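Asker: If you scroll down you'll find the structure; I have some questions about it.
Number of protein chains: 2
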Amino acid sequence: MKIIIVGATGTIGKHVAGALEKDHEIIRVGLKSGDIQTDITSPDAIENLFRQTGPFDALICTAGDAYFGPWKTMTDKEFRLGIDSKLMGQINLVLIGQKYIRPKGSFTLTSGVLTNDPVLGGANPAAANGAIEAFVRSAAIELENGVRINAVSPTVVEESPKYFSFFPGHIPVTMKQVIYGYLKSVTGAGTGQVIEVL
Amino acid sequence: MKIIIVGATGTIGKHVAGALEKDHEIIRVGLKSGDIQTDITSPDAIENLFRQTGPFDALICTAGDAYFGPWKTMTDKEFRLGIDSKLMGQINLVLIGQKYIRPKGSFTLTSGVLTNDPVLGGANPAAANGAIEAFVRSAAIELENGVRINAVSPTVVEESPKYFSFFPGHIPVTMKQVIYGYLKSVTGAGTGQVIEVL
């Protein structure tokens, strides 16, 4: 398969790319690195990405920023970080990418544990995650030609110790567990699923 | 209690206002009607609303637009309708309103059945709903002084027959059922809940 990985040089993305590259053609996409550079907060940049990749079989997005910070002073401006990047960035990859994806292809987005299990400071990524998960269930009944869509929802990952203190009591998952979540979406047959990695 | 109802002249809001006005002081807020006019897509307008209302005990939002339309041609621009109105409009009412709400007060937002049970054409309201529900769970662990927050999530309502065809097989709920959802949030003790009216 020809697989586009957006966020392919990030903590999770590089491992997912490594796990798939033996058997598949991987196009690594990053903000400032990878085979192609794209800013997912720009619909024009996303359209330009797909013009360069051409038709593809799978898209995985492990990219998307959100604001993590104190609740009492949180403003619209800070909240828009997650809205424009993790939420609309991923949704636009699908709305635009549906014109380029091959029959029986798949989209795999990334949400996260905060949808249902919040932590202090995380209202923005939580809202973005909740939107992505509901979007995936909606898109699954819309996409035609056997195209599938799922979200992988991991908790904090073993390789990101700097986040541990923000997730008290969350048992970090291994990168191997996280990779298996993405493999399940891309190489499995499910659609409209939120694949929790907890 | 002093209760602000944003969307108080809409289909649901007018009935919720009617059910609460016997026992409480109601401030009706609408885009172009009611006691105070506010555009919830503008944080400045929301700040101005609370400057006019002053301290309050409960805020109910039954307002918030989203885009309902064909999937294949859906763009970022159309999707932003639900992002700016139903999603960020309601979230900004809380982020800004927390400075004005009295101890033990409550926020009640509106999501909807599409979060978990999608229909064709409804990806935008579904995403907005999913974000609101995750936000409510996050905000519930952040709000201090006993302030509570919930979302009411109704399916299609008996009084809106024009929407029936978009919700095939959904059994319309009565307005009385919907009102009880809002009453549960405002006069009950729960927080971080999604009160489904199905």
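Chains as they are written, first to last, in the UniProt record's numbering: chain A, 1 to 198; chain B, 1 to 198.
Using N, Cα and C, we set each Cβ at its ideal position, and we do this for glycine too.
On a predicted model such as this, the values are computed, not experimentally measured, just so you know.
#1: Do A58 of chain B and G105 of chain B have their beta-carbon atoms positioned less than 8 Å apart in this structure?
#2: Would you report the Cα separation of G34 of chain B and A45 of chain B, rounded to the nearest angstrom?
#3: From E142 of chain A to T53 of chain A, what distance separates their C-alpha atoms?
#4: Using a cut-off of 8 Å between C-beta atoms, extract the partners of L95 of chain A located in chain B.
#5: In angstroms, rounded to a whole number, what distance separates the CA positions of P161 of chain B and G190 of chain A?
#6: So for Q98 of chain A, helix, strand or coil by DSSP?
#7: Just mark N92 of chain A as buried or exposed, buried being the case when its beta carbon has 16 or more other beta carbons within 10 Å.
#8: So for F167 of chain B, helix, strand or coil by DSSP?
#9: Do G121 of chain B and A71 of chain B come within 8 Å of each other at the CB atom, strictly closer than that value?
#10: Which class does F56 of chain A belong to by DSSP, given the choice of helix, strand or coil?
#11: Look up I141 of chain B in the DSSP assignment and say whether it is helix, strand or coil.
#12: Between I4 of chain A and G13 of chain B, what straight-line distance do the alpha-carbon atoms span, to the nearest angstrom?
#13: Of the residues B:S165, B:L198, B:P55, which one's Cα is nearest the Cα of Q177 of chain B?
#14: The beta strand (DSSP E) spanning S153 of chain A covers which residue range?
#15: Could you list which residues in chain A have their beta carbon closer than 9 Å to that of G122 of chain B, in chain order?
#16: Let me see if you follow: with CB-CB separation under 8 Å, is T115 of chain B close to chain A or not?
#17: Are A139 of chain A and K86 of chain A closer than 8 Å when you measure CB to CB?
#18: Using C-beta distances below 7 Å, list every residue in its chain close to R28 of chain B, excluding the 5 sequence neighbours before and after it, in chain order.
#19: Cα-Cα, which of B:E158, B:R102, B:I132 is closest to N116 of chain B?
#20: The alpha helix (DSSP H) that contains E78 of chain A, what's its start and end?
#21: So which residues on chain A does I83 of chain B lean against when the C-beta distance must stay under 8 Å?
#22: Once the 5 residues before and after E159 of chain B are set aside, which same chain residues still bring their CB inside 7 Å of it?
#23: Using the rule of at least 16 other Cβ atoms within 10 Å of the residue's Cβ for burial, across every protein chain shown, is I171 of chain B buried or exposed?
#24: When the cut-off is 8 Å and only beta carbons count, does E196 of chain B lie next to chain A?
#25: Buried or exposed: where does G188 of chain B fall if 16 or more other Cβ atoms within 10 Å of its Cβ makes it buried?
#26: By the 10 Å Cβ neighbour count, where 16 or more other Cβ atoms means buried, how is G146 of chain A classified, buried or exposed?
#27: Per DSSP, what kind of secondary structure is S42 of chain A in: helix, strand or coil?
#28: Which residues in chain A sit within 7 Å of residue 199 of chain B, going by Cβ to Cβ distance?
#29: Near F107 of chain B, what residues of its chain come up, given a Cβ to Cβ distance below 6 Å and the 5 sequence neighbours on each side ignored?
#30: Sorted by chain position, which residues of the same chain lie with C-beta nearer than 7 Å to L114 of chain A's C-beta, five sequence neighbours on each side aside?
#31: Closer than 9 Å by beta-carbon distance: list the chain B residues that pair up with A128 of chain A, in chain order.
Answerer: Quick look at the numbers:
#1: yes
#2: In a straight line, the C-alpha of G34 of chain B is about 15 Å away from that of A45 of chain B.
#3: 23 Å
#4: M74, T75, D76, F79
#5: 34 Å
#6: coil
#7: buried
#8: coil
#9: Here residue 71 of chain B turns out to be Trp, not Ala, going by the sequence shown. Cβ atoms of W71 of chain B and G121 of chain B: closer than 8 Å.
#10: strand
#11: Judged by DSSP in its simplified three-state form, I141 of chain B adopts coil rather than helix or strand.
#12: 46 Å
#13: Nearest option by C-alpha distance: B:L198.
#14: 148 to 154
#15: Close partners of G122 of chain B in chain A (Cβ separation under 9 Å): S138.
#16: Residue-level contact check: T115 of chain B touches chain A, since one or more beta carbons of chain A fall below 8 Å from its beta carbon.
#17: no
#18: I5, A8, T9, A17, G34, D35
#19: The shortest C-alpha separation from N116 of chain B is found at B:I132.
#20: 76 to 82
#21: I83, L87, M88
#22: T11, M175, listed in sequence order.
#23: Answer is exposed; the Cβ neighbour count stays below 16.
#24: no
#25: exposed
#26: Burial call: exposed.
#27: coil
#28: Any property of residue 199 of chain B remains undetermined from this structure, which presents chain B solely from 1 to 198.
#29: L59, V94, I149
#30: If we look at L114 of chain A and ignore the five residues flanking it on each side, its Cβ neighbours are G122, P125, A126, N129.
#31: Within 9 Å Cβ-Cβ: A131, A134.
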